[in-house]
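All remarks here apply to the structure that follows.
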């Protein structure tokens with residue numbers, strides 16, 4: 313669903329209930345679009361921190377705002393929405409919880425006016441939590457699920473679509489249960505696996521951790537998520553999660569049997585163990601290749617930032633250090649320009665290219681954006 317450039321939005325004032333990572337990121341994004349944002353959190357310090365970041369003003373409005381965004385755990389959506397609708401906080405309501413079916417059922421059963429509510433879930437995040445981890449560009453180019461119930465009014469959907477556009481997201485309208493089935497596989501179980509792997513490190517000898525490489529860091533990165541929030545998410549979506557975990561358990565059982573054969577010097581049929589292990593590895597490769605933006609032969613439109621670098625020791629390392637927070641080193645191409653030095657080109661998402669180039673110029677680098685290019689490089693994102 314596309315939005316016209318220069319569209320006149322109806323949202324002028326908004327309330328964000330819950331000023332953690334996602335709530336504060338939403339508030340930062342819409343505040344920069346000129347929307348007046350009211351911030352509320354059960355932890356006053358979190359709301360004040362979000363306000364200090366420029367996300368809005370602390371407190372509730374004296375008159376109903378155009379939209380209220382509930383950035384609270386899934387199990388709290390129904391109760392919070394009921395309370396806010398009874399108080400007349402806003403004309404319309406949405407949320408950003410990563411579970412949709414159970415909150416929708418509670419809303420339909422308890423809320424004073426379910427027609428003014430639509431479920432939402434921006435498919436973006438970070439391994440860190442809290443308002444200090446928030447980013448105004450967190451949702452740029454990212455899918456944003458919207459799950460209207462059978463009672464959701466068309467105007468509620470319109471307000472939610474405006475919110476997504478203000479945040480730079482890409483709306484995906486779907487059903488709540490379809491959403492929950494999908495995120496069980498793509499988000500919730502991966503977080504569990506990361507936590508299980510990270511838990512292996514807790515009781516390991518300290519000297520082992522000195523050998524931690526990038527593979528371990530990649531696998532365990534998201535295990536830092538708030539345990540109370542994730543416990544709420546996993547409990548709320550348990551019916552969808554358990555099926556994925558059972559399938560994973562079946563594959564792990566096959567792998568254990570194969571490794572037992574390979575570890576026993578006296579065991580026969582080692583070839584069978586190797587075949588089982590290779591089959592699992594090949595299935596993993598096929599699965600990764602199916603992720604949008606990862607497959608090597610699936611071109612994606614990106615932009616490039618060109619930087620001129622003096623051909624002297626340490627300069628290239630200094631440049632890579634300057635962009636380490638934005639661009640992986642493996643997404644750089646280096647060309648030698650005879651006596652002029654080196655030209656480095658970074659492949660980046662189009663929406664951050666100008667910002668990266670500007671930051672490099674501010675740091676004294678000769679940098680500029682080049683036109684969008686088609687590349688098979690993996691896309692980056694939270």
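Residue numbers (the working numbering): 313 to 694.
Think of the CB as a built atom: it goes at the ideal place given N, C-alpha and C, for glycine as much as any other residue.
Considering residue 532, what are the terminal residues of the alpha helix (DSSP H) in which it resides?
From DSSP, the alpha helix (DSSP H) with residue 532 extends over 526-532.
Would you call the segment 375-386 in contact with the segment 327-339, where contact means no fewer than 3 C-beta pairs closer than 8 Å?
Touching, yes, given that three or more Cβ pairs across the two stretches are closer than 8 Å.
In its own chain, which residues sit with a C-beta less than 7 Å from the C-beta of residue 372, not counting the 5 before and 5 after it?
327, 350, 352 and 401
Since residue 703 and residue 408 should fall inside the 8 Å C-beta cutoff, what is the C-beta to C-beta distance between them, to a whole number of angstroms?
Absent from the model: residue 703. The displayed extent of the chain is 313 to 694, so no value can be given.
Nearest-angstrom Cα distance between residue 330 and residue 491?
22 Å
Whole-angstrom distance between residue 405 and residue 376, CA atom to CA atom
The straight-line gap from Cα to Cα measures roughly 11 Å.
Can you look up residue 514 in the DSSP assignment and give me helix, strand or coil?
helix
Tell me whether residue 603 is buried or exposed, calling it buried when 16 or more other Cβ atoms sit within 10 Å of its Cβ.
exposed
Provide the residue span of the beta strand (DSSP E) that contains residue 331, from first to last.
Neither: residue 331 is in no beta strand (DSSP E) and is coded neither H nor E.
Distance, residue 621 Cα to residue 654 Cα:
Rounded to whole angstroms, residue 654 and residue 621 show a C-alpha spacing of 5 Å.
Three-way DSSP call (helix, strand, coil) for residue 603 in this model:
coil
In whole angstroms, give me the CA-to-CA distance for residue 324 and residue 344.
12 Å
In its own chain, which residues sit with a C-beta less than 7 Å from the C-beta of residue 360, not counting the 5 before and 5 after it?
370
In whole angstroms, give me the CA-to-CA distance for residue 499 and residue 483.
18 Å
How is the alpha helix (DSSP H) around residue 360 delimited, first residue to last?
356-364
Between residue 664 and the ligand ATP, is there a pair consisting of the residue's CB and a ligand heavy atom that are separated by less than 7 Å?
Looking for the ligand ATP in the displayed structure turns up nothing, as the structure carries no ligands at all.
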